[in-house]
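Those sequence lines, one after another, are chains G and C. Under this note's numbering, the first residue of the first sequence is numbered 1, with each subsequent residue one higher. Under this note's numbering, the first residue of the second sequence is numbered 1, with each subsequent residue one higher.
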Amino acid sequence: MLADTWYLFGKYMRITIRMPWWSLFTLLQPLIWLVIFGQLFKNMSQLPGFPTGSYVDFFVPGVLIMTVLFGSSWSGVSLLREITAGAVDKMLVAPVSRVAIVLSRVLHSAAQVLVQTLIILAVALALGAATSVNPVYIAMAMLIIFLLGVGFAALSNGFAILLQREEPLVMIGNLMTLPLMFFSTALMPKNFMPEWIHYVALVNPINYAVEAVRAVLVGTPDFALYSKGLLVLAIFAAATLAWAVNAFNSLRD
Amino acid sequence: MIQVSGLTKIFSSGTKALDGLDLNVKDGEIFALLGPNGAGKTTTIRILSTLSGFDSGQVIVAGHDVDRNPEKVREAIGVVAQQTGIDYFLTGRENLVLQGHMYRMKKADIQARVKELAHYFELEDSLDRLVATYSGGMRRKLDIATALIHRPTLVFLDEPTLGLDIKSRKNLWTYVEKMNRELGLTILLTTHYLEEADKLAQRVAIINAGKIRITGTPDELKNTIHGDAVVLSFEQQDHATAAFAYTMKSEPEIKDTLWQGNKLHLYVANGAESIPKIALVASQQGLTIKSLALSRPTLDDVFLKYTGSSLTEAKEDTGDEWWKQWAGKGGGNWNKKWANEADETAGEVGTTVQETQQHMTTPNDTEKDAAAQPPATPATDTATSGGGSPWSPAEMEAWWKQQGGQPQWPTPKEPDKKD
């Protein structure tokens, strides 16, 4: 299974590297947000009770998570394309591990967003964000980002198999990412939110991811908060992956 | 190599795709499944290649039960599906190597095999180019090469030449024959090109509505059509022509009659001798023959006999409408509604008519008008009465049956038991 996953992962990576423009385009949106939100909410940091000195510092973890969401939530679209093109059937008639087919796609997607978030982080630092540059902390943040990427790519692949069509899949992708992001502390600190959103944030994996990344990158590291996020995301990634593999196995008509 | 008995498959939509299909493919032969679109060809291939499950029956492929031992089956077979399934953004070599890894072959073995197959399919020069730059024929060849990487003993080719130009098609045929002859591969191919089945296959099975109608060598199948085929069409389309067909049916010299759209097929022992008689009877009945052709029976005639539609004129499969997947899944049940409406319209013009045939006829406006109202009961000696509103062939058939005519498509003979 691991060997199968490795070869298929290699195939997807190779294809991605051959289309670098596509990966760059998915970077464009978080970059724009980094600049626009950074400017738009600049003065919010002057409000009493704002946790960090400048808004950009606060927002960098949020924009990293956004990059993950926009990068990984469309993974299912290319699965549908592969199904239509007959590539999935071609794998299925071979004695390939079924788990490997889903796993390789999800890992590829997570690896892709990992590179993207590193670029965004570099840009943010270049724009003067005062986030941590300690490689250990960055690696810890990247672990969270990887798990979130796995989770959302798995969700997208699972929905792709259930829905079998691109249009509703894109709709679900939007539905998964945008509202959930506003129900997290990506843009707005917790004490600025209405109370009912706190409860939504409690079950929102995106919120845990933002909090955990912020815990290690911004201000004094908070390892308790980070560990909680890591645990939640590990469970989230494992559960969604199991669900997607299960959906894929039931694909046989 | 393949033993299938009583294979039944019902889709979740309730459609019976396969209805007690029996199939037996021998070691080392090229076997063609010939049938119209929707007959169950692709479904059969998908079940045989472990891609689809089935509801009942027994399927043994390469000595293994596909239901109990799918992994063993997968190792023994190579599948070339209708969609190529090779990656356009990889080179030919990368596609082949990846496929080798999928079959868990050793690296050195893969290298050797890639070289061998590239040479065999004359792809050496383009092996390191992206597949996106390949022509359709080259992609097909690469697709077949990837299916052969693990040295299977049995290869499924699902409509291998669909969408290829004539030159590439002929080229591919030589490869299929070569693979069978030189590599000793058993090949099961589906096609709706009659000449393809005729040229390539040692045995052909005609499949329609999820059942095998007849199996045999192309020659055996042609011999089930007795003698020559005389194909007639008339200036007019009315009950007089129906009556003519009816008269012909009772003529001992005529072995078989079939309507195909507005063309009447008469099967006779000796076409050249029968034509003058047929023409004479037609003119006696006041009919003007528009065209008349004499031909040796082809697989198309066999096909027409066993499926009720002509393959060469059947419309191309355009695939499912996109909304069909949504129908019944919260997308409303419009497809059912439309299907019902279509059924009702079909019911008006006689239930035995195949849909394809209605499309094949060239309905002029008067025919359409006539189809809207039920045909008036014709007088018994319609042959001379001539007049009346023009009928569509479908209506003529309905009337013909009313007159006690034999069911139009003779019940197929039992397929050879020893197969």
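Where is the CB? At the ideal position from N, CA and C, for every residue including glycine. Bear in mind the structure is a predicted one, so any value in this text is a computation, not a measurement.
Query raised in the report: Along the chain, which unbroken stretches of the alpha helix (DSSP H) at least 4 residues long are found entirely within the stretch 73-152 of chain G?
Result: 75-85, 87-92, 98-126
Query raised in the report: Helix, strand or coil for Asp-57/G per DSSP?
Result: For the purposes of this step, residue 57/G is taken as the residue at position 57 of the first sequence. Helix, per DSSP.
Query raised in the report: Where Val-102/G and Thr-191/C are concerned, what is the direct C-alpha to C-alpha distance, given to the nearest angstrom?
Result: Looking up residue 102/G in the first sequence gives position 102. Looking up residue 191/C in the second sequence gives position 191. The straight-line gap from Cα to Cα measures roughly 33 Å.
Requested in this report: Keeping to the same chain, check which residues put their C-beta closer than 6 Å to that of Leu-312/G; ignore five residues upstream and five downstream.
Outcome: Here chain G comprises residues numbered 1 to 253, so residue 312/G is not present and cannot be evaluated.
Requested in this report: Name the two residues that bound the continuous beta strand (DSSP E) containing Lys-255/C.
Outcome: Locating residue 255/C in the second sequence gives position 255, where the first residue counts as 1. From DSSP, the beta strand (DSSP E) with Lys-255/C extends over 254-260.
Requested in this report: Tell me whether Ser-295/C sits in a helix, a strand or coil according to DSSP, three-state version.
Outcome: Start at 1 with the first residue of the second sequence, and residue 295/C comes out as number 295. Strand.
Report task. Anything in the stretch 197-211 of chain G with a Cβ closer than 7 Å to a Cβ of chain C? List those residues in chain order, please. Result -> none
Query raised in the report: Using a Cβ-Cβ cut-off of 6 Å (strictly less than) and excluding sequence neighbours within five positions of Arg-113/C, which residues of its own chain qualify?
Result: Taking the first residue of the second sequence as 1, we reach residue 113/C at position 113. So the list reads Ile-149, once near-sequence residues are dropped.
Query raised in the report: List, in order along the chain, the chain C residues whose C-beta lies closer than 8 Å to that of Gly-86/G?
Result: Numbered from its first residue, the first sequence carries residue 86/G at position 86. Those are Ala-81, Gln-82, Gln-83, Thr-84, Gly-85, listed as they occur along chain C.
Requested in this report: Take Arg-203/C and list the residues in its own chain whose beta-carbon comes closer than 7 Å to its own, dropping the five residues that flank it on each side.
Outcome: Along the second sequence, one-based indexing puts residue 203/C at 203. Taken in chain order, the residues that qualify are Glu-29, Phe-31, Thr-215, Gly-216, Thr-217.
Query raised in the report: At a Cβ threshold of 7 Å, is Arg-274/G touching chain C?
Result: Beyond the ends of chain G as shown, which are 1 and 253, falls residue 274/G; an answer cannot be given.
Query - Lys-106/C (DSSP reduced to helix, strand or coil) - result: If you number the second sequence from 1, residue 106/C lands on position 106. In the structure shown, Lys-106/C sits in coil (DSSP, three-state: anything other than H, G, I, E or B).
**Report entry** Euclidean distance between Cα positions of Leu-96/C and Val-60/G
**Finding:** Walking along the second sequence from the start, residue 96/C turns up at place 96. Walking along the first sequence from the start, residue 60/G turns up at place 60. About 44 Å.
**Report entry** The beta strand (DSSP E) enclosing Phe-156/C, as first and last residue numbers
**Finding:** Stepping through the second sequence from its first residue, residue 156/C is reached at position 156. Phe-156/C -> beta strand (DSSP E) spans 154-158.
Query raised in the report: Are Pro-51/G and Pro-221/G closer than 7 Å when you measure CB to CB?
Result: Working through the first sequence from its first residue, we reach residue 51/G at position 51. Working through the first sequence from its first residue, we reach residue 221/G at position 221. Against a cut-off of 7 Å, the Cβ pair of Pro-221/G and Pro-51/G comes out as no contact.
Query raised in the report: Quick one: what's got a C-beta closer than 6 Å to Phe-121/C's C-beta in the same chain, skipping five residues either side?
Result: Against the second sequence, residue 121/C aligns to sequence position 121. So the qualifying residues of the chain are Lys-141, Ala-145.
Query raised in the report: Taking the alpha carbon of Glu-161/C as the point to measure from, which residue in Ala-76/C, Thr-8/C, Thr-84/C, Leu-185/C has its own alpha carbon closest?
Result: To locate residue 161/C, count along the second sequence from 1; it is residue 161. According to the sequence shown, residue 161/C is Thr rather than Glu. Closest by alpha carbon: Thr-84/C.
Requested in this report: Identify each residue in the stretch 93-122 of chain C for which the Cβ-Cβ distance to at least one residue of chain G is less than 8 Å, and report them in chain order.
Outcome: Glu-94, Leu-98, Gln-99, His-101, Met-102, Tyr-103, Arg-104
Query - Assigned secondary structure, Gln-3/C (DSSP; H/G/I helix, E/B strand, else coil) - result: The count along the second sequence starts at 1 and reaches residue 3/C at position 3. Three-state DSSP puts Gln-3/C in a strand.
Query raised in the report: Name the chain C residues that come within less than 7 Å of Met-91/G, Cβ to Cβ?
Result: Here the question's residue 91/G lines up with position 91 in the first sequence. Under the 7 Å cutoff, chain C gives Met-102.
Query raised in the report: If you count every other CB in all the chains shown that lies within 10 Å of the CB of Arg-214/G, and 16 or more means buried, which is it?
Result: As a first step, residue 214/G must be located in the first sequence, where it is residue number 214. Arg-214/G is buried by the Cβ-count criterion.
Query - Beta-carbon proximity list for Ala-234/G, same chain, < 8 Å, skipping 5 on both sides - result: As a working note, residue 234/G is residue 234 in the first sequence. Cβ within range, chain order: Leu-147.
Query raised in the report: Does the beta-carbon of Ala-186/G have 16 or more other beta-carbons within 10 angstroms, so that it is buried, or is it exposed?
Result: The residue labelled residue 186/G in the question sits at position 186 within the first sequence. Its Cβ being crowded by 16 or more others within 10 Å, Ala-186/G is buried.
Query raised in the report: Can you check whether the CB of Ala-87/G is closer than 7 Å to the CB of Gly-158/G?
Result: Mapped onto the first sequence, residue 158/G falls at position 158. Mapped onto the first sequence, residue 87/G falls at position 87. Not in contact: Gly-158/G and Ala-87/G (Cβ atoms no closer than 7 Å).
Query - 7 Å Cβ cutoff, Leu-51/C in contact with chain G - result: Counting from one through the second sequence, the residue named residue 51/C turns up at place 51. True, the Cβ-Cβ gap to chain G drops below 7 Å.
Query raised in the report: Looking at C-alpha atoms only, which residue of Val-63/G, Pro-20/G, Ala-139/G is the closest neighbour of Asn-207/G?
Result: Looking up residue 207/G in the first sequence gives position 207. Residue Val-63/G is the option with its Cα nearest to Asn-207/G.
**Report entry** Neighbourhood of Arg-169/C by C-beta distance below 7 Å, restricted to the same chain and skipping five residues each side
**Finding:** Translated into positions along the second sequence, residue 169/C becomes position 169. Taken in chain order, the residues that qualify are Thr-161.
Query raised in the report: Do we get a CB-CB distance below 7 Å when we pair Tyr-7/G with the residues of chain C?
Result: The count along the first sequence starts at 1 and reaches residue 7/G at position 7. So yes, Tyr-7/G belongs to the interface.
Query raised in the report: Anyone know if the C-beta pair for Val-66/C and Thr-50/C falls short of 7 Å?
Result: Numbered from 1 along the second sequence, position 66 holds the residue referred to as residue 66/C. Numbered from 1 along the second sequence, position 50 holds the residue referred to as residue 50/C. In this structure, Thr-50/C lies closer than 7 Å to Val-66/C by Cβ.
Query raised in the report: Is the stretch 94-108 of chain G in contact with the stretch 10-18 of chain G, if contact means three or more CB pairs nearer than 8 Å?
Result: yes
Report task. Would you decide whether Leu-231/G is buried or exposed? Buried here means 16 or more other CB atoms lie within 10 Å of its CB. Result -> Position 231 of the first sequence, counted from the start, is the residue given in the question as residue 231/G. Exposed, since its Cβ has fewer than 16 Cβ neighbours within 10 Å.
Query raised in the report: Under 7 Å, do Asp-87/C and Lys-211/C count as touching if we go by C-beta distance?
Result: Along the second sequence, one-based indexing puts residue 87/C at 87. Along the second sequence, one-based indexing puts residue 211/C at 211. Against a cut-off of 7 Å, the Cβ pair of Lys-211/C and Asp-87/C comes out as no contact.
**Report entry** Paired residues, beta bridge with Ile-30/C - DSSP
**Finding:** Counting from 1 along the second sequence, the entry for residue 30/C is found at position 30. According to DSSP, Ile-30/C bridges with Ile-187/C.
Report task. Check the C-beta distance from Thr-427/C over to Pro-36/C and give it rounded, since I have them as a contact under 8 Å. Result -> Lying outside 1 to 419, the shown extent of chain C, residue 427/C is not represented and no answer is given.
Query raised in the report: So, Gly-71/G versus Thr-26/G, is the Cβ gap smaller than 7 Å?
Result: The residue given as residue 71/G occupies position 71 in the first sequence. The residue given as residue 26/G occupies position 26 in the first sequence. Yes. Within cutoff.
**Report entry** N- and C-terminal bounds of the beta strand (DSSP E) containing Asp-22/C
**Finding:** Taking the second sequence and counting its residues from 1, the one referred to as residue 22/C is at position 22. Residues 16-25.
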